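So in the working numbering, the last one in the sequence shown is 815, and the numbering has no gaps at all.
Think of the CB as a built atom: it goes at the ideal place given N, C-alpha and C, for glycine as much as any other residue.
All figures in this text were calculated on a predicted structure; none of them were measured in a lab.
Heads up, the thing below is written out as structure tokens.
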Amino acid sequence: MGSGAEDLELALELADLADSMTLERFRDEDLPVEEKPDLTPVTEADRAVERMIRDGLSKARPGDAVAGEEYGMGQAGDRRWIVDPIDGTKNYVRGIPVWATLLALEEGDEITVAVASAPALDRRWWAAREQGAFMNDGLGESRRLEVSAVKELADAQLSFAGFEAWEANERLGALLELGRRCWRTRAFGDFWGYMLVAEGAVEISCEPVVEIWDLAAPQLIVEEAGGRFTDLRGEPRADGGSALGTNGLLHEAALEIVGV
556 MGSGAEDLEL
566 ALELADLADS
576 MTLERFRDED
586 LPVEEKPDLT
596 PVTEADRAVE
606 RMIRDGLSKA
616 RPGDAVAGEE
626 YGMGQAGDRR
636 WIVDPIDGTK
646 NYVRGIPVWA
656 TLLALEEGDE
666 ITVAVASAPA
676 LDRRWWAARE
686 QGAFMNDGLG
696 ESRRLEVSAV
706 KELADAQLSF
716 AGFEAWEANE
726 RLGALLELGR
736 RCWRTRAFGD
746 FWGYMLVAEG
756 AVEISCEPVV
766 EIWDLAAPQL
776 IVEEAGGRFT
786 DLRGEPRADG
796 GSALGTNGLL
806 HEAALEIVGV
């Protein structure tokens, strides 16, 4: 078992290794792509990265549990690492550079360490509980993240997942209403919308259907940047099956429209 600083250092080291693996296969015309039972794509890179992370954690933190998108939840424990080897696989296989490896450590019912690394964007975000959130975008020194101070929906920028999931869950009307109330909308999608909330560039990001490995790292990064992160029922959790990340000031107003 490591300290918070040691756990974050380990997560960053594993992200370095993941970046080298994902970048090597990005836009590789020979990369094998399969379709999972839920009809979403999975690549050889997804599985190889998760295997590497699991192997690294088994050596460095042998008593910790691991939950990952490709190889399952593992045994429950007081400490659990949550892994998405490539968040944004559909982008990855189409050559779109918006994808990231997400790593988070859950201790009890609290996320304590988080890393989101998007090497094709030359960006990385990280956080530790009560230590703040930070990013590096390759343009200079790392900087601390802080959400925006926008207080009115009419001045806010909204990021959202694709229409398909909202429509499938009969929530498209609610999303469109939130969009009409906001100043500007852009579908950045996946991890990136939440990272932009943490950066203060976007005020609201939301998804109606999503898994814990998609949200554990973004939740802590948004919260440590001063924002608020809940499911669409308003519960502050990464395993609620939906997500709303905001600058905090607009959370209740957004939840009133898209909440369930």
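Spell out the partners DSSP gives residue i in its beta bridges.
i: Q712; result: R739
i: M690; result: W680 and R698
i: T577; result: DSSP lists no partner for T577.
i: I666; result: E661
i: F784; result: G800
i: G627; result: G623
i: S672; result: T656 and R679
i: R634; result: E662
i: V588; result: T598
So, helix, strand or coil for residue i, using DSSP?
i: P640; result: strand
i: R609; result: helix
i: I759; result: strand
i: L660; result: strand
i: L519; result: Residue 519 falls outside the range modelled here, since the chain spans only 556 to 815, and no answer is possible.
i: L799; result: strand
i: G536; result: Summary: the structure shown does not reach residue 536, with the chain confined to residues 556 through 815, and so no result is reported for it.
i: G814; result: coil
i: V765; result: coil
i: A655; result: strand
i: R602; result: helix
i: V705; result: coil
Residues in its own chain within less than 6 Å of residue i by CB, not counting five upstream and five downstream?
i: I776; result: A669, W680, A682, A688 and A753
i: N691; result: R679 and S697
i: P763; result: A720, W721, N724, R726 and S797
i: R609; result: V621
i: F784; result: Q774, V777, E778 and G800
i: G611; result: L569
i: Y647; result: I641 and W654
i: G748; result: S714 and S760
i: A793; result: I767, L770, A771 and Q774
Looking at residue j and residue i, is the spacing between their C-beta atoms short of 9 Å?
i: F743; j: L657; result: no
i: A600; j: R580; result: yes
i: L700; j: A809; result: no
i: L787; j: V813; result: yes
i: V621; j: I637; result: yes
i: I666; j: L660; result: yes
i: E584; j: W768; result: no
i: P773; j: A671; result: yes
i: M628; j: L569; result: no
i: D677; j: G693; result: yes
i: Y626; j: R602; result: yes
Can you list, in chain order, the residues of its chain with a C-beta nearer than 8 Å to that of residue i? Leave out the 5 residues immediately preceding and following it.
i: K706; result: L804 and L805
i: V765; result: A716, G796, S797 and A798
i: R741; result: Q712, L713, S714 and V757
i: V815; result: R726, L787, R788 and S797
i: R684; result: G559, E665, I666, T667, V668, L775 and E779
i: G663; result: D633
i: A709; result: R736, C737 and W738
What residues in its chain sit with their C-beta under 7 Å from that of residue i, if we drop five residues either side in the sequence?
i: G782; result: V702, V752, A753, G800, T801, N802 and G803
i: A729; result: I812 and V813
i: A711; result: V705, C737, W738, E758, I759 and L805
i: T577; result: A600, V604, I641, T656 and P674
Does the segment 562 to 574 come close enough to the segment 605 to 617 that 3 or more CB-CB pairs lie under 8 Å? The answer is yes - the segment 562 to 574 touches the segment 605 to 617, with three or more Cβ pairs under 8 Å.
Could you say if the segment 641 to 654 and the segment 701 to 720 meet the contact criterion of at least three C-beta pairs nearer than 8 Å? Segments in contact, no.
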